[in-house]
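Peer 1:
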Amino acid sequence: MGDLLAPANTLEVLLGNEAVARGALEAGLNVAAAYPGTPSTEIGEALAKVAKKVGIYFEWSANEKVATEVAMGAAWSGLRALTMMKHVGFNVASDAIFTLAYAGVTGAMVIVSADDPHAHSSQNEQDNRHYGESVGLPMLEPTNPQEAKDFTKEAFELSSRYKIPVMVRTTTRISHQRGPVRLGEITAGFSKGKFVPPEPDRYLQVGAIARKHHAELLEKLKEISMDVSPSYAKVEGSSDAEFGVVTSGVAYAHTKEALKLVNVDAKILKLGMTFPLPEEVIGEFLSSVNTVLVVEELDPYLEMRVKAIAKDHAPEVEVLGKLTGHMPRVGEYTMRTVLEGLSKALGVVPPVNFAEIDRRSSEILKKVPPRPPVLCPACPHRSTGYALRRAAGRAAFMGDIGCYALLFQKPFRVEHVTHAMGSSIGLANGIDIATDQDVVALIGDSTFFHAGIPALINAVHNKRKMTVMIMDNRITAMTGHQPHPGTEVNAVGDEAPAIDIEKVVRSIGVDYVRVVDPYDHAATERAIREALKHDGVSVVITKRECALLTVARLRRQGQKIVPYRVNPDKCTYCRVCINTFACPAFVDTGSMVEIDPTVCFGCGACVPVCPYGAFEPQEGSLNWREQKIGV
Amino acid sequence: MSVREFNVIVAGVGGQGILFTTNVIARAALKLGLNFAQSEVHGLSQRYGSIRTELRIGSDVSSPLILEGTLDLLIALEPLEGLRQAPYISERTTVVMNNHVIPPIGAYLERFPIPSFDEILELMRSLNPKQIMVLNAYDIAKEAGDYLVANTVMLGAAQATGVLPFPEGVLREALEEVSPSRYRDLNLRAFDLGRESVSPPR
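Sequence order for the protein chains is V and H.
Those letters in the first sequence? Residues 1381 to 2011, by my numbering.
Those letters in the second sequence? Residues 2 to 203, by my numbering.
(1) In whole angstroms, give me the CA-to-CA distance for Glu1795 (chain V) and Glu1696 (chain V).
(2) Could you pull out every residue in the same chain whose Cβ sits closer than 7 Å to the Cβ of Cys1957 (chain V), ignoring the five residues on either side in sequence?
(3) Applying a beta-carbon distance threshold of less than 8 Å, which residues of chain H neighbour Val1967 (chain V)?
(4) In terms of alpha-carbon separation, which member of V:Val1946, V:Gly1824, V:Asp1880, V:His1901 lies closest to Cys1926 (chain V)?
(5) So Ala12 (chain H) packs on Ala77 (chain H), CB below 8 Å; how close in whole Å?
(6) I need the DSSP call for Ile1544 (chain V), collapsed to helix, strand or coil.
(7) Go through the region 55 to 123 of chain H residue by residue and report every complete run of the alpha helix (DSSP H) that reaches 4 residues or more, in order.
(8) Inspect the CB distances between the region 1668 to 1676 of chain V and the region 1616 to 1632 of chain V and report whether three or more fall short of 8 Å.
(9) What residues in the region 1772 to 1799 of chain V bring their beta carbon closer than 8 Å to a beta carbon of chain H?
(10) Could you pull the start and end residues of the beta strand (DSSP E) that Tyr1437 (chain V) belongs to?
(11) Kindly indicate the opening and closing residues of the alpha helix (DSSP H) around Gly1705 (chain V).
(12) Could you tell me whether the region 1498 to 1509 of chain V touches the region 1602 to 1617 of chain V, where touching means 3 or more Cβ pairs closer than 8 Å?
(13) Under the rule that 16 or more other beta-carbon atoms within 10 Å means buried, what is Leu1584 (chain V), buried or exposed?
(14) Would Cys1756 (chain V) count as contacting chain H if we go by Cβ distances under 9 Å?
(15) If we ignore side chains and look at the alpha-carbon of each, how far apart do Asp1900 (chain V) and Thr1847 (chain V) end up?
(16) Could you give the uninterrupted runs of the beta strand (DSSP E) lying entirely in the region 1858 to 1909 of chain V, keeping only those of 3 residues or more?
(17) If we count the other Cβ atoms within 10 Å of its Cβ and call it buried at 16 or more, is Gln1526 (chain V) buried or exposed?
(18) For Arg1770 (chain V) and Asp1780 (chain V), what's the separation of their Cα atoms in angstroms?
(19) Taking 8 Å as the cut-off, is the C-beta of Ala1758 (chain V) nearer than that to any heavy atom in the ligand PLP?
(20) Where Ile115 (chain H) and Asn100 (chain H) are concerned, what is the direct C-alpha to C-alpha distance, given to the nearest angstrom?
(21) Tell whether a beta-carbon distance below 9 Å holds between Val1748 (chain V) and Leu81 (chain H).
(22) Taking Lys1543 (chain V) as the reference, give the member of V:Lys1592, V:Leu1597, V:Ile1436, V:Gly1587 with the closest Cα.
(23) Could you name the residues of chain V that Ser198 (chain H) contacts, counting a contact when the two beta carbons are closer than 7 Å?
(24) So Arg190 (chain H) contacts chain V; which residues on that side make the cut at Cβ distance below 9 Å?
(25) DSSP state of Gln1557 (chain V), grouped into three classes?
(26) In the DSSP assignment, find the unbroken alpha helix (DSSP H) run with Glu1449 (chain V) in it and report its ends.
(27) If you drop the 5 nearest sequence neighbours on each side, which residues of the same chain put their C-beta closer than 8 Å to that of Val1642 (chain V)?
(28) I'd like the ranges of any alpha helix (DSSP H) spanning at least 4 consecutive residues and lying wholly in the region 1909 to 1947 of chain V.
(29) Short of 9 Å Cβ to Cβ, which residues in the region 21 to 35 of chain H face chain V?
(30) For Gln159 (chain H), which residues in chain V fall below 9 Å Cβ to Cβ?
(31) Which of helix, strand or coil does DSSP assign to Asn36 (chain H)?
(32) With a cut-off of 9 Å, does the C-beta of Leu156 (chain H) fall near any C-beta of chain V?
(33) Using CA coordinates, which residue listed in V:Val1946, V:Gln1998, V:Ser1741 is at the minimum distance from Arg85 (chain H)?
(34) What residues in its chain sit with their C-beta under 6 Å from that of Glu1659 (chain V), if we drop five residues either side in the sequence?
(35) Is Phe1828 (chain V) helix, strand or coil when you go by DSSP?
(36) Using beta carbons (cut-off 9 Å, strictly below), is Glu41 (chain H) in contact with chain V?
This is the structure we're talking about:
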């Protein structure tokens, strides 16, 4: 939305993620690679959009580990490289990253980890600050979009100066916060580098060499903790205050306002570099107050370290936080969380009567039906879920990461598991060994390329019996439609060889493979029933593009989206449509089912669901299956 | 122009153009050189579920999240989603609400009763907001040319309440800047119709 290439010295509205991208461009970025994952995705989307104009190289890689290695290759060739990932993506990449810290870089490399406190769009609330210390990566943590840009730029300078990768850690409320950002000069571009190891053993990490490099890394980190970390520590507030807060990231933004509301004399120590920590600065701050509250989301990362520093520098100071029960450890922080924690720590009544607000609003909220995310109208996964329920209702269903994870919901309930990228097929291996149940794995196209292929190879080689549904909607949909190795275009819009999933599966040796249009419910059901009878690994590929892509294309072509309607003479109000297909466009009026024209995309997938044929096209309605739209 | 704190929530169902609506207001703030912080939702959580963006404008603002009870303007593209913001609504809140209820499909499966619009309006009134403006944004959007621009109709109505801390015309200019060229005229038409349509509730 913001103009990533707006001129220097102007103010532009940027999303935190766009600000990270701009910071990289200002730092002279040459190569960036990533796998999409909320809340990190828009960094790559922003770079993809401007890559050609600026002359940088950008790719959506097959997974985070590959992306990291792409960036490493560039940073070992003297270039400036960036990779970014969601918190759990870091786990995938970590095998390469741990050893990278020993190896260092010749150019510069920045790794962005976007964490998701509250698990808004994730499977866990992992706190990646621990990675900074365990890998040995200096880590910067911005508190707003302006700092997201500035810190990313500075991270490149630090990486270049110390010849080690530098990590920028954000959280959802930084990544997805939009704000005014003062811009600097863009210096990014591309010229070829050269792969020349600075010493013959620099990139050969084994035994004695690895130990030598480990020691070197620790020396560098010590130097950074003295020369760099203190400049990222800022003390605010009245100098003679006896109450202090240590904080970082978005928690700082909440704290700053909350302190004004409680109206007490306090000072804040804001830490912009959370690894390595500036021990002297923290020690001095602790010895200047009687009580300190640590305000940080997720784990007591700072709190534990502040306590350790207090032992040497200020043994008398009282350290409050999660370990003392003043602050919560689960979920993200809001102004309220911080106000309540501060009030508790100060022994004052919170300035807002939260109990009264809760009393008043809880009465109302009881009457508001919950609205969790559901599959979009026209979503091909709804049809696949419908067919699976009918054809394989009693199987053990191993789900995966993607929109289709929503098939755990009623009325489909064809996901008993959603775990980690690619886990569906791996788990199906184990469940098949351990039980006599039918096992079905559900995996999307992008997830299949990311981490599904080794598990499928494993299943064939070890003679497993299982059915794998590869739900190929021709895009990485959940994160907002990024290309993947199976699409005909790449990240920057150029034509690219599309890896054919059916050919991959057949080449592995799967001998039952069917490709169906999921909108053809009868054919999809038939393929699933046969697959379940097959003695061995069977694969059903449901191939139909994400409905949002179809709708966008139809609109671009000037095609009118005309919703379907329910014929009131045919509707018997049996509610079979709601109870088995559950399109969000269905409205139960109390005497019949109607279609909400503001929600319906006019796909016609519901037509075969009604036993009485009550779903009818209107003048101008399309039928995506019959007219082969979206396949 | 100086603003200390003005808090906006745009609430609705994923897919209604909530983010676009908020971006227009943020763009207006930028044009006036005002400080602001906006929180939004991306990823799986936006698939036809409850969505809200939060926008805080003013010199006192550093947190991107709104404190309960301090909302100044609620733009409810869908009325149930408007009501879901109850903890934020107080005597300082102006509510601009679309009257088209989109029932959550899951409520049918869980047999959760879905309140009618009149019931929703009654519950909204019980929170004592400063004012409530109701409009049929979809009908107005259709009149402008497409259901799609119901969000812009709501934006026009929000402008008409006069509570936004912007001089006349700035929001419309921001809309013109932020609109993709293909939808620019349609959006401006919808905005103007929305602005003209504001009337007190029945």
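We treat Cβ as the ideally placed atom computed from N, Cα and C, and that holds for glycine.
Peer 2: Quick look at the numbers:
(1) 53 Å
(2) Phe1966, Val1973, Cys1986, Val1989, Cys1990
(3) Pro104
(4) V:Gly1824
(5) 5 Å
(6) coil
(7) 80 to 84, 106 to 111
(8) yes
(9) Cys1783, Ala1785, Leu1786, Gln1789, Lys1790, Pro1791
(10) 1437 to 1440
(11) Element bounds for Gly1705 (chain V): n/a, residue is neither H nor E.
(12) no
(13) exposed
(14) yes
(15) 19 Å
(16) 1892 to 1896
(17) buried
(18) 20 Å
(19) With respect to small molecules bound, the structure shown includes none, and the ligand PLP cannot be examined in it.
(20) 14 Å
(21) yes
(22) V:Leu1597
(23) Near Ser198 (chain H) there are no residues of chain V at all, since even the closest Cβ is about 17 Å away, more than 7 Å.
(24) Within chain V, no residue comes near Arg190 (chain H); the closest Cβ sits about 17 Å away, beyond 9 Å.
(25) strand
(26) 1444 to 1455
(27) Leu1719, Leu1722, Ser1723, Leu1726, Val1728, Pro1730, Pro1731
(28) 1927 to 1936
(29) Phe21, Thr23, Asn24, Ala27, Arg28, Ala30, Leu31, Gly34, Leu35
(30) It should be noted that the sequence gives Ala, not Gln, for residue 159 (chain H). Near Ala159 (chain H) there are no residues of chain V at all, since even the closest Cβ is about 18 Å away, more than 9 Å.
(31) coil
(32) no
(33) V:Ser1741
(34) Ile1689
(35) helix
(36) yes
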